[in-house]
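Input: a single structure, listed below in structure tokens.
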Amino acid sequence: MVIVMSAEAEQGYIDAVIARIEELGYTPHPIQGTERTVIAAIGDERGKYELQQLESMHAVDKVVPILEPYKLSGREYRSERSVIRIGNLEIGGDRLILMAGPCSVESREQILEAAETVKESGAQILRGGAFKPRTSPYSFQGLGEEGLEYLAEARDKTGLLIITELLDSYDLQLVEKYTDIIQIGARNMQNYGLLSRLRKTKKPVMIKRGMMSKVDELLLSAEYVLSGGNYNVLLCERGIRTFETATRNTFDLNAIPVIKKMSHLPIVADPSHGTGDSEFVPPMAKAAVAAGADALMIEMHPNPDKALSDGAQSLSPDTFLQLVDELQPFIEASGRGF
Ligand code: PEP
Ligand code: MN
1 MVIVMSAEAE QGYIDAVIAR IEELGYTPHP IQGTERTVIA AIGDERGKYE
51 LQQLESMHAV DKVVPILEPY KLSGREYRSE RSVIRIGNLE IGGDRLILMA
101 GPCSVESREQ ILEAAETVKE SGAQILRGGA FKPRTSPYSF QGLGEEGLEY
151 LAEARDKTGL LIITELLDSY DLQLVEKYTD IIQIGARNMQ NYGLLSRLRK
201 TKKPVMIKRG MMSKVDELLL SAEYVLSGGN YNVLLCERGI RTFETATRNT
251 FDLNAIPVIK KMSHLPIVAD PSHGTGDSEF VPPMAKAAVA AGADALMIEM
301 HPNPDKALSD GAQSLSPDTF LQLVDELQPF IEASGRGF
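By our numbering, the letter at position 149 of the sequence shown is numbered 149, and the numbering carries on one by one without gaps.
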């Protein structure tokens with residue numbers, strides 16, 4: 001249920017409604033909008049008749065049910081788009097945000113070199129996995145904490161923010177200590193135990209769409225984090241599995257406008273995993289911007305042929321810098337800056 005307060009409701013009346021929601025055994029999630037405050041009451045659906053009675057409380061305008069199963073990520077709860085702020089950076093605002101870097105952190109030299117190119121391009125966020133979800137246990141698994149240290153050093157040297165994957169809740173404190181944004185990979189989108197652990201982290205969380213998951217399931221995964229009071233969630237389209245084998249995944253461009261309609265959360269597009277082929281990354285990156293993505297995540301490696309993971313889809317520094325140039329008209333056409 002969403003409790004819509006009247007435009008002139010004083011804080012005392014808002015607090016009284018919040019207290020009543022708690023008394024009834026629900027969790028209140030207030031949003032202070034530009035015009036009025038709305039409060040979502042989240043919990044067991046069975047008590048919805050009791051919640052309906054909040055309509056008679058002072059300064060309550062109306063009580064409306066949230067019909068969609070994704071209560072807090074949906075537009076019924078929040079019609080305005082969410083902007084995630086990290087320091088001075090805004091994701092979901094007027095500027096397209098660019099995240100780029102290698103699939104994995106492989107060495108100190110490799111990530112520092114990649115960071116220089118990312119910085120030079122004007123991108124704001126450096127990516128790189130220190131804990132890698134590999135299909136084979138015999139493939140490179142990442143450098144672990146050593147990789148996180150190199151990422152932090154790259155941040156210190158360039159001023160870029162960093163995003164890196166949390167693979168196992170066992171490493172939460174460690175990853176949290178180093179990173180600016182916690183990435184949850186496609187394979188863990190439905191790891192509900194892991195998602196629940198992120199309710200209390202202060203760091204923003206980017207959840208990648210599972211390769212076999214529908215958009216509404218992605219929103220429900222976000223709900224695990226949001227319902228614990230961590231509202232800093234980004235969603236990421238990274239391609240899904242279909243019958244098509246010409247590309248590694250089928251980059252679901254539809255998901256961008258669809259998610260923007262269903263949800264207020266910022267949407268990140270990852271055409272690198274979406275296509276699996278460096279040749280197709282630039283056109284799909286442009287398409288994602290044109291479709292309204294709030295941010296792009298692009299894999300770029302100082303030497304793609306030598307990459308320990310995802311070399312085939314990684315851009316070289318030159319092709320990456322060229323892509324960023326070529327993106328500019330698409331960014332402008334979509335009404336954004338860079
Ligand atoms: C990655 O970003 O390198 C990665 C492993 O992505 P995904 O979880 O989308 O496969
Ligand atoms: Mn990768």
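Glycine included, every Cβ here is placed at the ideal spot set by N, Cα and C.
Where does residue i land, buried or exposed, given buried means 16+ other C-beta within 10 angstroms?
| i | result |
| --- | --- |
| Lys157 | exposed |
| Arg85 | exposed |
| Arg46 | exposed |
| Pro69 | exposed |
| Ser79 | exposed |
| Asn254 | exposed |
| Thr242 | exposed |
| Thr37 | buried |
| Gly274 | buried |
| Gly229 | exposed |
| Ser136 | exposed |
| Asp305 | exposed |
| Lys202 | exposed |
| Glu165 | buried |
| Asp44 | exposed |
| Tyr192 | exposed |
| Tyr77 | buried |
| Ser56 | exposed |
Determine whether the beta carbon atoms of residue i and residue j lie at a separation below 8 angstroms.
| i | j | result |
| --- | --- | --- |
| Ile97 | Ile125 | yes |
| Asn232 | Val205 | yes |
| Ser309 | Phe140 | yes |
| Val175 | Val215 | no |
| Tyr13 | Ala59 | yes |
| Ser339 | Pro266 | What the structure shows of the chain is the stretch from 1 to 338, and residue 339 is not part of that stretch, so it cannot be assessed. |
| Gly276 | Asn249 | yes |
| Pro317 | Met300 | yes |
| Ile256 | Met212 | no |
| Arg197 | Ser227 | no |
| Ser263 | Ala290 | no |
In chain order, what residues of the same chain lie with their CB nearer than 6 angstroms to the CB of residue i, ignoring the 5 residues before and after it?
| i | result |
| --- | --- |
| Glu153 | none |
| Thr117 | Pro317 |
| Pro102 | Ala114, Gly128 and His301 |
| Asp270 | Cys236, Arg238 and Met297 |
| Glu50 | Leu24 |
| Arg187 | Pro133 |
| Gln322 | none |
| Glu35 | Ala7 |
Once you ignore the five residues that flank residue i on each side, which residues in its own chain have a CB closer than 8 angstroms to its CB?
| i | result |
| --- | --- |
| Ile207 | Ile184, Met189, Leu195, Leu218, Ser221, Ala222, Val225, Val233, Leu234, Leu235 and Cys236 |
| Leu161 | Ile86, Gly87, Leu89, Gln124, Ile125, Leu126, Arg155, Asp180 and Ile181 |
State the Cα-Cα distance for the pair residue i and residue j, rounded to the nearest angstrom.
| i | j | result |
| --- | --- | --- |
| Glu22 | Met1 | 13 angstroms |
| Glu106 | Leu148 | 11 angstroms |
| Tyr150 | Thr245 | 36 angstroms |
| Leu108 | Glu146 | Before going on, a small fix: residue 108 reads as Arg here, not Leu. Answer to the nearest angstrom: the Cα atoms are 9 angstroms apart. |
| Ser314 | Ser272 | 7 angstroms |
| Pro400 | Gly292 | Given that the chain is displayed from residue 1 to residue 338, the structure contains no residue 400 and the question cannot be resolved. |
| Gly92 | Phe338 | 12 angstroms |
| Gly128 | Lys71 | 32 angstroms |
| Met297 | Ala100 | 6 angstroms |
| Gly142 | Leu167 | 11 angstroms |
| Arg41 | Val324 | Per the sequence shown, residue 41 should be read as Ala rather than Arg. Using only the alpha carbons, I get a separation of about 43 angstroms. |
| Phe320 | Ser6 | 50 angstroms |
| Ser104 | Tyr178 | 16 angstroms |
| Ile31 | Pro329 | 35 angstroms |
| Gln52 | Leu24 | 12 angstroms |
| Arg209 | Arg238 | 6 angstroms |
| Lys48 | Asp171 | 39 angstroms |
| Leu251 | Ala307 | One point to set straight first is that residue 251 is Phe, not Leu, in the sequence displayed. In a straight line, the C-alpha of Phe251 is about 22 angstroms away from that of Ala307. |
| Gly33 | Ala295 | 24 angstroms |
| Gly122 | Glu332 | 15 angstroms |
| Gly144 | Lys200 | 23 angstroms |
| Gln173 | Glu10 | 39 angstroms |
| Glu8 | Arg75 | 23 angstroms |
Can you name, in chain order, every residue of its own chain whose Cβ lies under 7 angstroms from the Cβ of residue i, other than the five neighbours on each side?
| i | result |
| --- | --- |
| Lys119 | Thr158 and Leu160 |
| Leu54 | Ile3, Val17, Arg20, Val60 and Val63 |
| Arg95 | Arg336, Gly337 and Phe338 |
| Val260 | The amino acid at residue 260 is misidentified as Val; the sequence shows Lys. For Lys260, where only same-chain residues beyond five positions count, the Cβ hits under 7 angstroms are Ile267 and Gly292. |
| Leu327 | Ala285, Lys286 and Val289 |
| Ala312 | Gly276, Asp277 and Ser278 |
| Ile163 | Met99, Ile125, Arg127, Thr179, Asp180, Ile181, Gln183 and Met206 |
Is any heavy atom in ligand 4 found nearer than 7 angstroms to the beta carbon of residue i?
| i | result |
| --- | --- |
| His301 | Ligand 4 is not part of the structure shown, which contains ligand 1 and ligand 2 as its ligands. |
The region 270-286 contacting the region 108-116, beta-carbon criterion three pairs below 8 angstroms: no
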